[in-house]
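The block underneath contains the structure these notes are about, expressed in structure tokens.
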Amino acid sequence: MKKIYLFLLITVLLCVLAGCEDDSSHTVKIAVMGNEAQFYPGYKEGIERAERDLNREYADLGYNVECEFYGDDGNYEEASARIDTIAADESLTAVIGSMDMDTSKTAAYVFDSTGKLFVMPYFLYDDVYEDNNYSMVFSLCDSAENVGETLRLAGEKTTAKRWAVCASDASEFAQAEMTGFLQCETDSSMKVVDCVNMSSLETNFDEIYKRWETLGVEGVIMFPEVGKGFDVLKKLKQRNPNLICGGDTAFDNSTLLMSDKELLRAMTGFIIVTEVVIDGITEEEADRFKDMKDEYMKNTGKEIDLWYIQGYNAVRIIADTAIKNDTVDPVKIAEILHKDGYDGFVRDFSFDEKGAQNKQVYKYNIFNAEGIVEEFEIKK
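Numbering (this note's numbering), first residue to last: 562 to 941.
Below, the structure is given as structure tokens:
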């Protein structure tokens with residue numbers, strides 16, 4: 562009995578002297594939610610690149626980063642089951658949310674309640690932040706009302722003075738965007754002369770366009786559901802190539818744009834506000850980005866999309882903060898992000914007390930004839 566006791570004692574002492582501890586304390590496990598078939602171009606590849614980079618960079622510290630995808634086939638019931646599974650897994654440090662805002666609204670409540678760090682790389686309903694006191698939920702995107710405000714301010718910089726605004730009546734987020742556009746206070750002569758539902762515009766296009774001609778509409782802002790709006794835009798530009806148009810991230814689809822010449826023409830001069838905002842790029846980041854672009858082109862045969870960066874930062878904001886502060890405790894990581902924010906790859910993140918993005922500069926892009934965007938900004 563004494564020999565067994567002595568053996569166990571020596572084993573414990575050796576572990577202590579060698580820094581022996583539970584491997585799980587040095588593993589940052591991240592769940593990635595969503596329907597992979599609906600991922601934006603480059604998003605998954607950006608997540609996978611971040612995982613590889615982190616495991617290489619922090620190998621000497623003994624940390625390991627693991628990302629696991631939890632697909633839901635775009636089904637809310639299936640997504641809800643995934644949420645329950647993730648919430649019950651104590652080994653998971655954090656969760657990256659789905660682009661489905663209804664799923665992510667539910668996820669925000671569940672994960673905040675169960676102490677999981679929840680990072681949203683996509684838009685999320687404004688009321689998730691405004692109506693709750695979540696401490697574990699962080700947005701990497703603007704609010705809906707900020708999107709609307711940005712487009713209103715961008716519209717002021719054009720020659721168009723009389724505007725129509727269209728929003729999906731089936732989308733709570735689109736309605737909030739329109740509210741931001743309409744309520745944005747300005748001193749310019751820009752006027753909104755008509756508001757219509759996107760569904761009405763699609764169904765009664767000729768009738769509404771004729772009304773717009775009578776009203777002298779020179780610019781149109783659209784907030785459609787994701788995947789819609791392109792056909793309406795093409796019809797508008799066919800009728801009036803000089804019409805100034807703009808919209809939100811529903812029009813952010815580089816793959817579709819480059820495969821449709823008519824759409825490319827219609828998008829020339831288009832004002833767009835997206836989730837992914839580049840704050841500036843250092844020489845070192847430029848070199849890293851070139852490596853990413855070359856790798857992505859080699860693997861896919863396509864140009865890299867900014868959603869690659871969004872996926873990349875969504876993983877790194879969690880893992881970098883955890884490892885640099887030597888903790889995998891989600892609550893501690895959340896406290897650090899609230900206090901210090903995060904200096905990400907070509908993007909800096911700063912959060913208010915509710916986890917929404919602090920906004921100091923309004924940024925938007927305008928497409929040229931080659932489908933390349935030029936960035937503009939307006940400071941508060």
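Ideal placement from N, C-alpha and C gives every residue a C-beta, glycine not left out. Note that the structure is a prediction, hence the values are computed from the model and not measured.
Original post:
In three-state DSSP terms, what is Y683?
Top reply: coil
Original post:
Which residue comes first and which comes last in the beta strand (DSSP E) that contains A611?
Top reply: Run containing A611: none in the beta strand (DSSP E); it sits in the alpha helix (DSSP H), Y604 to E618.
Subject >> Touching by the beta-carbon criterion (3+ pairs, under 8 Å), the segment 707–721 and the segment 888–907 >> reply: no
Original post:
Ordered along the chain, which non-local residues of its own chain (more than five positions away) have a Cβ less than 7 Å from that of E823?
Top reply: K795
Subject >> Environment of F812 [buried if 16+ CB atoms lie within 10 Å] >> reply: buried
Original post:
So, helix, strand or coil for E779, using DSSP?
Top reply: coil
Original post:
Can you tell me where the alpha helix (DSSP H) with D645 in it begins and where it stops?
Top reply: Y637 to A649
Subject >> Short Cβ contact (8 Å threshold) for V698 with T654 >> reply: no
**OP:** Could you say which of D730, A668 and A611 lies nearest to T676 if we only look at CA atoms?
**Re:** The sequence shown places Gly at residue 676, not Thr. Checked all of D730, A668 and A611; the closest Cα to G676 is A668.
Original post:
Counting pairs of beta carbons, one from the segment 686–696 and one from the segment 657–673, are three or more of them closer than 8 Å?
Top reply: yes
Subject >> Alpha-carbon to alpha-carbon, Y624 and A883 >> reply: 10 Å
**OP:** Could you check what DSSP says for S760 in three-state terms: helix, strand or coil?
**Re:** helix
**OP:** Look up R723 in the DSSP assignment and give the residues it is bridged to.
**Re:** K752
**OP:** Look at the alpha carbon of V907 and the alpha carbon of G872, and state the distance between them as a whole number of angstroms.
**Re:** 13 Å
Original post:
Is it a yes or a no for the segment 602–621 touching the segment 848–861, going by three-plus beta-carbon pairs under 8 Å?
Top reply: yes
Original post:
Do V680 and A648 have their C-beta atoms within less than 8 Å of each other?
Top reply: no
Subject >> Cross-strand partners of V698 (DSSP beta bridge) >> reply: F679
Original post:
If you scan the segment 807–833 from start to end, which runs of the alpha helix (DSSP H) of 4 or more residues do you find wholly inside it?
Top reply: 815–820 and 822–828
**OP:** Whole angstroms is fine: what's the gap from A731's alpha carbon to N636's?
**Re:** 18 Å
Original post:
Where do the ends of the alpha helix (DSSP H) carrying Y601 lie?
Top reply: Counting along the chain, Y601 falls outside any alpha helix (DSSP H), and DSSP gives it neither H nor E.
**OP:** Report yes or no: do the segment 744–756 and the segment 794–808 share at least 3 C-beta pairs separated by less than 8 Å?
**Re:** no
Subject >> Contact under 8 Å by Cβ, W724 with V754 >> reply: yes
Original post:
How about Y683 and I833: are their beta carbons less than 8 Å apart?
Top reply: no
**OP:** Sort C702, E618, L776 and V656 by Cα distance to G632 and report the nearest one.
**Re:** V656
Subject >> Identity of the residue in E779, C727, E936 and S815 nearest G790 by Cα >> reply: C727
Original post:
Taking C-alpha atoms, which residue in I894, I927 and F850 lies nearest to Y869?
Top reply: F850
Original post:
Taking just the CA atoms, how far does K920 sit from I879?
Top reply: 21 Å
Subject >> Y925, enclosing beta strand (DSSP E) - first and last residue >> reply: V922 to F928
**OP:** Name the two residues that bound the continuous alpha helix (DSSP H) containing Y857.
**Re:** E844 to T861
**OP:** Identify every residue that forms a DSSP beta bridge with M594.
**Re:** Y631
Subject >> The beta strand (DSSP E) enclosing F912, as first and last residue numbers >> reply: Neither: F912 is in no beta strand (DSSP E) and is coded neither H nor E.
Original post:
Taking DSSP as the reference, what is the three-state secondary structure of D673?
Top reply: helix
**OP:** Answer yes or no: do G741 and V708 have a C-beta to C-beta separation smaller than 8 Å?
**Re:** yes
Subject >> Anticipated Cβ contact below 8 Å, T810 with T835, distance rounded >> reply: 5 Å
Original post:
Hey, would you say S700 sits closer than 8 Å to G595, going by beta carbons?
Top reply: no
**OP:** State the CB to CB distance for the pair F949 and F831, rounded to an integer number of angstroms; the pair is presumed to be in contact (CB under 8 Å).
**Re:** In this structure the chain extends from 562 to 941, so residue 949 is not present and cannot be described.
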